[in-house]
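Q: So that we are looking at the same thing, I have put the structure below in structure tokens.
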Amino acid sequence: MKRILVSLYEKEKYLETIKKLHAGGWEIWASSGTAKYLKENGVEAKDLSTITGFENLLGGLVKTLHPEIFAGILGPEPKWDVVLVDLYPPPDIDIGGVALLRAAAKNWRKVKPAFNLETLKLALERDDEETRKYLAALTFAFTSEYDSIRANQMFEGISISMKRQEIELRYGENPHERAFVYGKPSFEILHEGKTISFNNVLDAENAWFVAKNLPKTGAVVVKHQSPCGVAVDEDKLKAVEKALEADEESSFGGVLAVNFELDGSIARELKKYLEVIVAPSFTEEAVEVLSKRKVRLLKPHNERFWSGRMAFDALVLSERKFPQGEYELVTGTPLSREEMEDLDFAYRVVEGVKSNAVVIVKNGVTVGIGGGQPSRKRAAWLATVLAGEKARGAIAASDAFFPFPDGLEILAAAGVKAVVAPLGSVRDEEVVNKAKELNLTFYKAPSRVFRH
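For what it's worth, our numbering labels the leading residue of the sequence shown as 16, then goes sequentially.
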């Protein structure tokens, strides 16, 4: 006779399957609450309390934690063939259920674990060694993810579950390289004209972080993980158009992110080819319009951001957040309210540009972005070349301190009016004195915003 041990949170979900097992001759063993429910619904179930001698110790917290039960799972001649546990969801913590699943997974050659209808179906239909081992692996990954969710709720950090997701990525950074997703991503794909790629996901997250942190209604275009055009405007469509036009050449095939609901009227005006569009929400009309194209529509849910990568066979993570604090006038003429808005906008944009980075903005639009340079002088030069005459009277932001005065000299020669950057260099005094000499207004940022 086949025997199954069941402990269920959503009992009704499994009722019909268990009824079929019972009718097929399986012996059903269940924790007290589950046994009671099954009996009330016509299924003869043996109560585990007949083994433990108690029903619900500590108000139900201890029902299955008993040496005889675990001996019946872990022993060389186990009492049960299948152990099915439907854990109750976080923020509660299911201790006994997780322990049962892990015990079954440990003894996978003799006991098959199941934690949902899909794994139960597999456990009932197949009995080869490969399937048993696969179920055990799935179970360990599932319980690890379960613990990670609770860990994330308990402290301001992150606990990583390395469970591989079913999301398909078209390829890695290059077409000949594979790519996978581990951990549950906090976004929905509302439309996928073609399979999303590794690069699309990274570009989309950077675009969304910058867009989410813009001080006003705005739009961000990212290409190769760095913004190429950003704009703010009270008119949503104008914000999008200005961002796309800020670097018209680079924005082709880019990722667009906005910090407002994208509606049908804006969707119809989007003529440029884009890989991904990211928004906090899309109207049904917008989805309908854009679904006729190959663009992916992505709706993010994340409130916290992390950046990381594999290095020396380990995952290295860094929290990502925009720094809090005031901009402090160091030298020069104080800026007007409108100019300070541009200064804040510039610093929020430069945070998303790969370092070394210098961004020049004017009237809520990026006019020159220099990034990814080993020298801050080169980043400043690149930003001014792209800005051209638009640099005159504009505001520049640097993602870290100027190690030498030469970067300021390049910006001043292009006509930049004010600069915002953190301090912290051994040459700070020399840099500030150069700003005075060049008649540049210089504001100190609250912290550096490197992105590598």
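C-beta atoms are modelled at their ideal positions from N, C-alpha and C, and glycine is treated no differently. Only a predicted model underlies this, so the values are computations on that prediction, with no experimental measurement involved.
1) Taking 8 Å as the threshold (C-beta atoms), are Asn214 and Glu188 in contact?
2) Give the straight-line distance between the Cα atoms of Ala272 and Ala234, rounded to the nearest whole angstrom.
3) From what residue to what residue does the alpha helix (DSSP H) around His37 run?
4) Between the C-alpha atoms of Gly48 and Ser333, what's the straight-line distance to the nearest angstrom?
5) May I have the straight-line CA-CA distance separating Ser241 from Leu36, to the nearest angstrom?
6) Which two residues bound the contiguous alpha helix (DSSP H) that contains Leu426?
7) What residue does the alpha helix (DSSP H) around Thr399 start on, and which one ends it?
8) Going by DSSP, name the residue or residues bridged to Leu332.
9) Check whether the segment 400 to 413 touches the segment 378 to 389, counting contact only when three or more Cβ pairs, one atom from each stretch, lie closer than 8 Å.
10) Tell whether a beta-carbon distance below 8 Å holds between Val374 and Val368.
11) Please work out which residues of its chain come closer than 7 Å, Cβ to Cβ, to Tyr151, disregarding the five sequence neighbours upstream and downstream, and give them in chain order.
12) Out of Thr232, Val245, Ile110, Lys231, which one is the CA nearest neighbour of Ala222?
13) If I measure Cβ to Cβ from Ser462 and keep anything under 8 Å in the same chain, skipping five residues before and after, which residues do I get?
14) Helix, strand or coil, according to DSSP, for Gly244 in the structure here?
15) Which first and last residues belong to the alpha helix (DSSP H) in which Asp443 is found?
16) Let me confirm a value: Ser390 is counted as buried when at least 16 other C-beta atoms fall within 10 Å, else exposed. Which label applies?
17) Please report the residue range of the beta strand (DSSP E) in which Ala411 lies.
18) Across the segment 439 to 457 and the segment 416 to 427, are there enough close Cβ pairs to call them in contact, namely three or more that are closer than 8 Å?
19) Taking only three categories from DSSP, how would you classify Ala119?
20) Measuring alpha carbon to alpha carbon, tell me which of Gly408, Tyr24, Ala282 ends up nearest Ile108.
21) Looking at the strands, I want to know which residues DSSP matches up with Ile375.
A: According to the structure data:
1) Locating residue 188 in the sequence shown gives position 173, counting from the first residue. Locating residue 214 in the sequence shown gives position 199, counting from the first residue. With contacts defined by Cβ atoms closer than 8 Å, Glu188 and Asn214 form a contacting pair.
2) As a first step, residue 272 is located in the sequence shown; it is residue number 257 there, counting from the start. As a first step, residue 234 is located in the sequence shown; it is residue number 219 there, counting from the start. Each residue's CA atom was taken as its position, placing Ala272 and Ala234 some 6 Å apart.
3) As a position in the sequence shown, residue 37 is number 22, starting the count at 1. First-last of the alpha helix (DSSP H) with His37: 26 to 38.
4) Within the sequence shown, the letter at position 33 stands for residue 48. Within the sequence shown, the letter at position 318 stands for residue 333. The C-alpha of Gly48 lies about 44 Å from the C-alpha of Ser333.
5) Working through the sequence shown from its first residue, we reach residue 241 at position 226. Working through the sequence shown from its first residue, we reach residue 36 at position 21. Taken atom to atom, the span from the alpha-carbon of Ser241 to that of Leu36 is near 56 Å.
6) Counting from one through the sequence shown, the residue named residue 426 turns up at place 411. Counting along the chain, Leu426 sits inside the alpha helix (DSSP H) bounded by residues 421 to 428.
7) Along the sequence shown, one-based indexing puts residue 399 at 384. First-last of the alpha helix (DSSP H) with Thr399: 391 to 402.
8) Walking along the sequence shown from the start, residue 332 turns up at place 317. Under the DSSP definition of a beta bridge, Leu332 partners with Gly323.
9) In short, these stretches touch, since the Cβ pair count reaches three.
10) Along the sequence shown, read from residue 1 onward, the residue named residue 374 stands at position 359. Along the sequence shown, read from residue 1 onward, the residue named residue 368 stands at position 353. The answer is yes: Cβ separation under 8 Å.
11) Counted from its first residue, the sequence shown places residue 151 at position 136. Checking the sequence, you will find Ala at residue 151 rather than Tyr. Cβ neighbours of Ala151 beyond the five flanking positions: Ala120, Trp123, Pro128.
12) Counting from one through the sequence shown, the residue named residue 222 turns up at place 207. Closest option to Ala222, Cα to Cα, is Val245.
13) One-based indexing of the sequence shown puts residue 462 at position 447. Same-chain partners within the cutoff: Pro338, Gly340, Pro437.
14) Counting from one through the sequence shown, the residue named residue 244 turns up at place 229. Strand, per DSSP.
15) For the purposes of this step, residue 443 is taken as residue 428 along the sequence shown, with counting starting at 1. Element bounds for Asp443: 443 to 452.
16) One-based indexing of the sequence shown puts residue 390 at position 375. Sixteen is the threshold: since fewer than 16 other Cβ atoms of the shown chains lie within 10 Å of the Cβ of Ser390, the residue is exposed.
17) By one-based count along the sequence shown, residue 411 stands at place 396. That run of the beta strand (DSSP E) goes 410 to 413.
18) Judged by Cβ distances under 8 Å, the segment 439 to 457 makes contact with the segment 416 to 427, as three or more pairs qualify.
19) As a working note, residue 119 is residue 104 in the sequence shown. It is helical.
20) Position 93 of the sequence shown holds residue 108. Closest option to Ile108, Cα to Cα, is Tyr24.
21) As a position in the sequence shown, residue 375 is number 360, starting the count at 1. Bridge partners of Ile375: Gly383, Ala411.
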